[in-house]
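Protein chains: 2
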Amino acid sequence: MKIGELAKQTNCTVQSIRHYDKEGLISASARSEGNFRLYDKSTIDRLMFIKHCRSLDLSIIEIRQLLHLSDSPDERCEDINRMIDSHVIEVEQRISDLQSLRKQLKSLRNSCSDKRTVKECGILSNLSSHDCT
Amino acid sequence: MKIGELAKQTNCTVQSIRHYDKEGLISASARSEGNFRLYDKSTIDRLMFIKHCRSLDLSIIEIRQLLHLSDSPDERCEDINRMIDSHVIEVEQRISDLQSLRKQLKSLRNSCSDKRTVKECGILSNLSSHDCT
DNA sequence: TTTAAACTCTATACTAACAATAGAGTCAAG
DNA sequence: CTTGACTCTATTGTTAGTATAGAGTTTAAA
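For the record, the sequence lines run as chains S and D.
FYI, in this note's numbering the residues of the first sequence are 99 to 231.
FYI, in this note's numbering the residues of the second sequence are 99 to 231.
Written as structure tokens, this is what we have:
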């Protein structure tokens, strides 16, 4: 299977597959005479795994760790759990940051209506005042 | 005032001031004989404005627009309002994306306890299954 | 058999907003 | 006059790709 076929099967772009290849997440089982990457079917699963992880916003580094761990089936899986736990914490932190940002933006927005001129604009004058609470 | 002093006054790093300078958000009123940037006091205000905008996650491009608009005090301020509105929408979209991500991660995390081995790990097996709902 | 389309290759630049560094020059005090 | 603190420009790195350029390969039809 060449890279275009793999891309079709997994709904990835060719470029991102090459990217994962370069990052060492997948590897071609061989190369054709003309140096084309050749993949076997198992790469489809591996790529779906990667896609699933990326959809959860796991980084390539984290995915590499997971793939590595899955090669050590008898190890204890604490590391995996810890990784997900800290990922959840990160996401929650980002959510609360964004919520506070949203609040600030909303209140900023309330300080001006359309139909004023720039010099009367409450938004600009608010942005110009120095209290960044 | 040299760049280090300006940095101290505004609690910016020297690098980021140089960055804003390069991006055209601020500019040195002059250069010393030895080519050092020299700023006047009004730059402190401008930089605080920029910091305030950045704390609201406005992009440098957006800030440039705002600074430009504030030089046209008699224009109507719809553009400013529109910018903030669309920024709020973006932030709200990101929040809801992250909330759904959080939910998925939580449910993934519930699929495994510590003390199992990697081959029994519910997280890995979940990540391996193809349904990315 | 040739040629054209479709595919693939590597390498590079781009995205955002800086941070970090290298290597050089400038300035102030002792 | 030298030392240390400061500044300069330019380059590289960060993330996970996307988008090229320019070249080579493969496959199908003419």
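Even glycine gets a Cβ: it sits at the ideal position worked out from N, Cα and C.
- Ranking D:L225, D:S170, D:S157 and D:D177 by CA distance to the CA of D:Y118 puts D:S157 first.
- Within the region 162-192 of chain D, no run of alpha helix (DSSP H) at least 4 residues long lies entirely inside it.
- Excluding five sequence positions before and after S:L165, the CB atoms of its chain that fall closer than 7 Å to its own CB belong to L123, given in chain order.
- Of the residues assessed, D:I159 falls on the exposed side of the cut-off, its CB having fewer than 16 other CB atoms within 10 angstroms.
- By the Cβ rule, the region 195-203 of chain S counts as touching the region 181-191 of chain D, because three or more pairs are nearer than 8 Å.
- When secondary structure is reduced to three states using DSSP, D:R144 falls in the helix class.
- Under a 10 Å Cβ-count criterion, D:N109 is classified as exposed, with fewer than 16 other Cβ atoms of the shown protein chains found around its own Cβ.
- At least 9 Å separates the beta-carbon of S:L104 from that of S:L154.
- Spanning the alpha carbons of S:I178 and D:S130 requires a straight line of approximately 56 Å.
- Distances from the alpha-carbon of D:L196 to those of S:S198, S:I193 and S:Q197 put S:I193 closest.
- Within the same chain, and ignoring the five residues on either side of S:S127 in sequence, the residues whose Cβ sits closer than 7 Å to its Cβ are L136, Y137 and D138.
- Look at D:A126 here: in three-state DSSP terms it is coil, with no helix or strand label.
- Sorting S:I161, S:L222 and S:I101 by C-alpha distance to the C-alpha of D:E176 places S:L222 at the top.
- For S:S168 against D:V216, the beta-carbon gap comes to about 6 Å, under 8 Å, which counts as contact.
- Closest in C-alpha terms to D:S226, from the list S:Q191, S:D172, S:M99 and S:I148, comes S:I148.
- Contact note: D:S226 reaches chain S through D143, M146, F147, H150 and S168, using a C-beta cutoff of 9 Å and chain order.
- Counting only residues of its own chain and dropping the five nearest sequence neighbours on each side, S:R162 has a CB closer than 8 Å to the CB of E121, G122 and L123.
- Setting aside the 5 residues that flank it on each side, D:T111 is surrounded in the same chain by A105, each with a C-beta closer than 8 Å to its C-beta; the list follows chain order.
- Interface with chain S (9 Å Cβ-Cβ cutoff): D:I193 is included.
- Following the DSSP letters along the chain, one finds S:N109 in no alpha helix (DSSP H), marked with neither H nor E.
- Of all residues in the region 154-184 of chain D, only L154, D155, L164, L167, S168, S170, P171, D172, E173, R174, C175, E176, I178, N179, I182 and D183 come within less than 8 Å of chain S when Cβ atoms are compared, listed by chain position.
- For D:L136, the nearest beta carbon of chain S is not closer than 9 Å to its own beta carbon.
- When Cβ-Cβ separations below 9 Å define contact, D:L206 makes contact with chain S.
- Comparing alpha carbon positions, the residue from S:M181, S:K213, S:N224 and S:Q107 closest to D:D172 is S:K213.
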